[in-house]
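J.:
In my numbering, the protein residues as written are 2 to 446.
As structure tokens, then:
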């Protein structure tokens, strides 16, 4: 894939060649791809034959007709040339797109390796996930080559040089790199400290991280979101900001009064790592900084993120397991009693605020924005751990990570590996039943 950043015409120009393996004849192929792309040329090729093809966009996907003479070929190449308007994804002169923008076509069903050649104006630089293989410049342009490997698309950042402050730390012989546009060191230091602590915890309690480095990129003006891909975690600037300006009096008398039945009122601010800061010039107020997303996103690296898109229990396996691994981090840092209390408090909040509401849906039906997957999903995994034992549960996660590293899996593989620790099959059967439930939590949860 060749990418050219055209600041004059405000376009990202892309030339993409996708090599496709066909296991059976197909009349159509489809990819997730943004309809904002202005396609200027699209062709299929096989055995040195090129043929223009027809296509259409529908529901964030592109559907491409395969001519009859190409349907029997095992190897096809799809050539697409297109442009994406820069202004759709720019903030403060920083251009950024990730898999949620679907800026390049992917099928989300298997791991794709991509070589990304990027050309920018001389005073710009380019970042992505994966490995930087090469960079150079001439009188007018800078050039970067990144090699990526992922199942869910790629990040691309093009920014004026020196827009990012870069920090590096060595943890467990692995290099952690941090790219921030936020200049408030009280915020970024909190993030880096929690990041390093979480990373070390999972290296210790599960197994060693297999790649050589891990990067955190701040994405300007991109909302409250964070996401993980191989070797990289991306976070929107709003997730880093100090927010929730509240008075000391209100925080003590009102906020925790809402949680008057919670057994451990201090666990929530403790978990976000000293989130209550009283160093403000206005000593009548405190500011909260949410850091809980950090351990969740890092947990994705061990809680399998190469899971095939839209296969059975997709969100339960990806988000539910990652969130439960984050709960294990809570247990490791604050003790077993803190985890049990945390779970007890969450059950209370769930019964008070969720049951018999529009939020009370089966975990199996949960989408990306449904909170139920981050509560009930990990709670079900807590049940599984209690039934098969903590060491077996950690061994199961370790097996997924080590055995299927850089491989795409689906629920059948996930279930098969778990069944090795559940010979009777009763635990898995109950787990699957729980993903279909709504209403009051069953006693075994």
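The beta carbon of each residue, even a glycine, is placed where N, CA and C say it ideally should be.
For residue 234, which residues of its own chain have a beta-carbon under 6 Å away from its beta-carbon, when the five flanking residues on both sides are left out?
T.: As a position in the chain shown, residue 234 is number 233, starting the count at 1. Hits under 6 Å: 217, 298.
J.: Hey, residue 381 and residue 329 are a contact pair by Cβ (cut 8 Å); roughly how many whole angstroms apart?
T.: For the purposes of this step, residue 381 is identified with residue 380 of the chain shown, where counting begins at 1. For the purposes of this step, residue 329 is identified with residue 328 of the chain shown, where counting begins at 1. Residue 381 to residue 329, Cβ: 14 Å. No contact.
J.: Below 6 Å CB to CB, which residues in the same chain sit around residue 116 once its five sequence neighbours on both sides are set aside?
T.: As a first step, residue 116 must be located in the chain shown, where it is residue number 115. Cβ neighbours of residue 116 beyond the five flanking positions: 148.
J.: Can we say the region 117-127 touches the region 51-71, given the rule of at least three CB pairs closer than 8 Å?
T.: no
J.: Ignore the nearest five residues each way along the sequence and tell me which others in residue 82's own chain have a CB closer than 6 Å to its CB.
T.: As a position in the chain shown, residue 82 is number 81, starting the count at 1. So the qualifying residues of the chain are 16, 41, 42.
J.: Report yes if the CB atom of residue 125 is closer than 8 Å to the CB atom of residue 78, and no otherwise.
T.: Mapped onto the chain shown, residue 125 falls at position 124. Mapped onto the chain shown, residue 78 falls at position 77. In this structure, residue 78 does not lie closer than 8 Å to residue 125 by Cβ.
J.: Roughly how far, in whole angstroms, is the beta-carbon of residue 128 from the beta-carbon of residue 158, given that I think they are within contact range, below 8 Å?
T.: What you label residue 128 is simply residue 127 of the chain shown in a count that begins at 1. What you label residue 158 is simply residue 157 of the chain shown in a count that begins at 1. Contact flag correct, Cβ pair sits at about 4 Å.
J.: Does the distance from the CB of residue 170 to the CB of residue 202 come in under 8 Å?
T.: Position 169 of the chain shown, counted from the start, is the residue given in the question as residue 170. Position 201 of the chain shown, counted from the start, is the residue given in the question as residue 202. In this structure, residue 202 does not lie closer than 8 Å to residue 170 by Cβ.
J.: So is residue 272 buried or exposed if we call it buried at 16+ other beta carbons inside 10 Å?
T.: Here residue 272 corresponds to residue number 271 of the chain shown, with the count starting at 1. In this prediction, residue 272 has a pLDDT of 34, which is less than 50 and means its spatial position is unreliable; nothing more can be read from the coordinates.
J.: Using 10 angstroms around the beta-carbon of residue 191, count the other beta-carbons present and answer buried if the total reaches 16, otherwise exposed.
T.: Working through the chain shown from its first residue, we reach residue 191 at position 190. Taking every protein chain shown into account, the CB of residue 191 has 16 or more other CB atoms within 10 angstroms, so this residue is buried.
J.: Report the option in 420, 353, 374 whose CA atom is closest to the CA atom of residue 447.
T.: There is no way to answer for residue 447, as the model of the chain reaches only from 2 to 446.
J.: Assign residue 152 to one of three DSSP states: helix, strand, or coil.
T.: Here residue 152 refers to the residue found at position 151 when the chain shown is read from its first residue. Note: residue 152 maps to coil in three-state DSSP.
J.: Who are the Cβ neighbours of residue 386 in its own chain at under 6 Å, not counting the five residues just before and after it?
T.: Within the chain shown, numbered from 1, the residue matching residue 386 stands at position 385. Result list for residue 386: 394, in chain order.
J.: Closest to residue 32 by C-alpha separation, out of 304, 227, 110, would be which residue?
T.: Sequence index remark: in the chain shown, residue 32 carries index 31 (1-based). The residue with the shortest Cα to Cα distance from residue 32 is 110.
J.: To the nearest angstrom, how far is the alpha carbon of residue 80 from that of residue 322?
T.: As a working note, residue 80 is residue 79 in the chain shown. As a working note, residue 322 is residue 321 in the chain shown. Their Cα atoms are separated by approximately 38 Å.
J.: Please name the residue, chosen from 63, 65, 184, 318, that lies closest to residue 302 on a Cα-to-Cα basis.
T.: By 1-based counting over the chain shown, the position of residue 302 is 301. Cα-wise, what sits closest to residue 302 is 318.
J.: Hey, how far is the Cα of residue 436 from the Cα of residue 312?
T.: Stepping through the chain shown from its first residue, residue 436 is reached at position 435. Stepping through the chain shown from its first residue, residue 312 is reached at position 311. In a straight line, the C-alpha of residue 436 is about 15 Å away from that of residue 312.
J.: Between residue 241 and residue 183, how many whole angstroms is the CB-CB distance? I'm expecting something under 8 Å.
T.: As a first step, residue 241 is located in the chain shown; it is residue number 240 there, counting from the start. As a first step, residue 183 is located in the chain shown; it is residue number 182 there, counting from the start. Residue 241 to residue 183, Cβ: 5 Å. Contact.
J.: Which same chain residues, not among the five before or five after residue 62, have their C-beta less than 6 Å away from its C-beta?
T.: For this step, residue 62 is matched to residue 61 along the chain shown. Excluding positions up to five away in sequence, the list reads 31, 33.
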